[in-house]
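Contents: one structure, followed by commentary.
Residue numbers (the working numbering): 38 to 318.
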């Protein structure tokens, strides 16, 4: 397999040294310090998702999950037009019912991996996030969008419905009524409207996109890694249960954290008025 050309979003500073750690067909995977950078690299088709891209995303995120040096991930798209503009319609047009269900389940599993990575994943949304692109962003821990970004689930316009988790994650983020309006109309919304309804966390200029994502991950990485992982697990798993069950889950994770060396270090540092030095144990 030939090495893909490196096409970074303009928001990524070219003077920041990076280390290529995987060679993939449609995704760039690089690391700098504790951050892994995952870039969907199909700018000529607005970073549309096809089978190879889904496989590449799974490989990249499995690598990030298993690498103890990686404390967080930034996911973005190549170029300045699209984060991910959706599925590859050419391939979708030829899919049978069985093919479509199989593809939906595989994409859902990849997005479940991203959502439950045990490490924060920031979607740096640098343009269109439509269909599977919007679903990919919603699987991330935090979403930061540029001012010209557009969001939507336009699958009904193709005779389909969202198949990558959109019918499940969108209502959880923006509420049932707003989610149904977006899904049933297929309408696109601006970054500002996405922020207003809670679909994205922040809207920033294109020049500040990656730097802002890095700053958030740096802030998170200063905290105890076990506590961060369990907090992610508590929120993600608790969302699937009743509040009573979620509270019991929270107490269990709270107890697990209390038995770590990091808790001893964190409380000692606070009492001694110094910065903590967490070891992840």
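Cβ coordinates follow ideal geometry from the N, Cα and C atoms, glycine included.
For residue j and residue i, believed in contact at Cβ under 8 angstroms, the rounded distance
{"i": "residue 101", "j": "residue 156", "result": "7 angstroms"}
{"i": "residue 109", "j": "residue 84", "result": "That pair is no contact at about 21 angstroms."}
{"i": "residue 72", "j": "residue 111", "result": "6 angstroms"}
{"i": "residue 93", "j": "residue 132", "result": "Contact doesn't hold; Cβ gap of about 20 angstroms is too wide."}
{"i": "residue 148", "j": "residue 176", "result": "4 angstroms"}
{"i": "residue 186", "j": "residue 228", "result": "4 angstroms"}
Pick from the options that is closest to residue i, judged by C-alpha positions
{"i": "residue 184", "options": "73, 263, 237 and 276", "result": "237"}
{"i": "residue 99", "options": "254, 65, 154 and 88", "result": "154"}
{"i": "residue 200", "options": "138, 217 and 256", "result": "138"}
{"i": "residue 80", "options": "64, 272 and 276", "result": "64"}
{"i": "residue 265", "options": "300, 277 and 241", "result": "300"}
{"i": "residue 96", "options": "211, 228, 293 and 75", "result": "75"}
{"i": "residue 212", "options": "247, 235, 106 and 224", "result": "235"}
{"i": "residue 128", "options": "144, 86 and 143", "result": "86"}
{"i": "residue 294", "options": "263, 192 and 174", "result": "263"}
{"i": "residue 222", "options": "196, 228 and 142", "result": "196"}
{"i": "residue 192", "options": "310, 276, 311 and 130", "result": "130"}
{"i": "residue 276", "options": "239, 135, 296 and 205", "result": "205"}
{"i": "residue 259", "options": "312, 233 and 307", "result": "312"}
Residue i vs residue j beta-carbon contact at 8 angstroms
{"i": "residue 161", "j": "residue 252", "result": "no"}
{"i": "residue 194", "j": "residue 165", "result": "no"}
{"i": "residue 274", "j": "residue 286", "result": "yes"}
{"i": "residue 170", "j": "residue 226", "result": "no"}
{"i": "residue 123", "j": "residue 70", "result": "no"}
{"i": "residue 220", "j": "residue 203", "result": "yes"}
{"i": "residue 302", "j": "residue 291", "result": "no"}
{"i": "residue 68", "j": "residue 82", "result": "no"}
Neighbourhood of residue i by C-beta distance below 6 angstroms, restricted to the same chain and skipping five residues each side
{"i": "residue 41", "result": "Residue confidence for residue 41 is low, a pLDDT of 34 falling below 50, so the modelled location carries little weight and cannot support an answer."}
{"i": "residue 43", "result": "Any reading at residue 43 needs caution, since the residue's pLDDT is 32, under 50, leaving its predicted position unreliable; the model's value is listed next. Excluding sequence neighbours, residue 43 sits near nothing in its chain."}
{"i": "residue 278", "result": "none"}
{"i": "residue 125", "result": "85 and 87"}
{"i": "residue 141", "result": "200"}
{"i": "residue 239", "result": "181"}
{"i": "residue 51", "result": "Residue confidence is low: residue 51 scores 43 on pLDDT, short of 50, so the model does not pin down where it sits. Its coordinate-derived value is still stated next. Answer for residue 51: no residue qualifies."}
Opening and closing residue of the beta strand (DSSP E) in which residue i lies
{"i": "residue 68", "result": "64 to 69"}
{"i": "residue 213", "result": "Unbroken run through residue 213 is the alpha helix (DSSP H), 213 to 222; no beta strand (DSSP E)."}
{"i": "residue 242", "result": "First-last for residue 242: undefined, no H or E at that position."}
{"i": "residue 166", "result": "165 to 167"}
{"i": "residue 187", "result": "187 to 189"}
{"i": "residue 317", "result": "Note, residue 317: premise wrong, no beta strand (DSSP E); not H, not E."}
Own chain, CB closer than 7 angstroms to residue i, minus 5 neighbours either side, in chain order
{"i": "residue 216", "result": "207 and 208"}
{"i": "residue 231", "result": "182, 188 and 237"}
{"i": "residue 90", "result": "63, 64, 77 and 79"}
{"i": "residue 224", "result": "189"}
{"i": "residue 255", "result": "none"}
{"i": "residue 241", "result": "181, 183 and 249"}
{"i": "residue 332", "result": "One cannot answer for residue 332 here, as it falls past the ends of the chain, which runs 38 to 318."}
{"i": "residue 143", "result": "91"}
Element boundaries [alpha helix (DSSP H), containing residue i]
{"i": "residue 151", "result": "134 to 152"}
{"i": "residue 283", "result": "280 to 295"}
{"i": "residue 126", "result": "126 to 130"}
{"i": "residue 98", "result": "88 to 103"}
{"i": "residue 75", "result": "It is not in any alpha helix (DSSP H) - residue 75 instead sits in the beta strand (DSSP E) that spans 72 to 77."}
{"i": "residue 263", "result": "262 to 275"}
{"i": "residue 180", "result": "Here residue 180 belongs to no alpha helix (DSSP H); instead the beta strand (DSSP E) covers 179 to 183."}
{"i": "residue 308", "result": "298 to 308"}
{"i": "residue 231", "result": "228 to 233"}
beta-carbon residue i near the ligand NAD non-hydrogen atom, thresh 7 angstroms
{"i": "residue 176", "result": "As for the ligand NAD, it is missing from this structure, which has no ligand bound."}
8 angstroms Cβ shell around residue i - same chain, five flanking residues per side excluded
{"i": "residue 271", "result": "283, 286, 287 and 290"}
{"i": "residue 257", "result": "108, 109, 157 and 265"}
{"i": "residue 268", "result": "290"}
{"i": "residue 39", "result": "At residue 39, the pLDDT of 34 sits below 50, so the modelled position is not reliable and the matter cannot be decided from this model."}
{"i": "residue 317", "result": "105, 261, 262, 263 and 299"}
{"i": "residue 308", "result": "none"}
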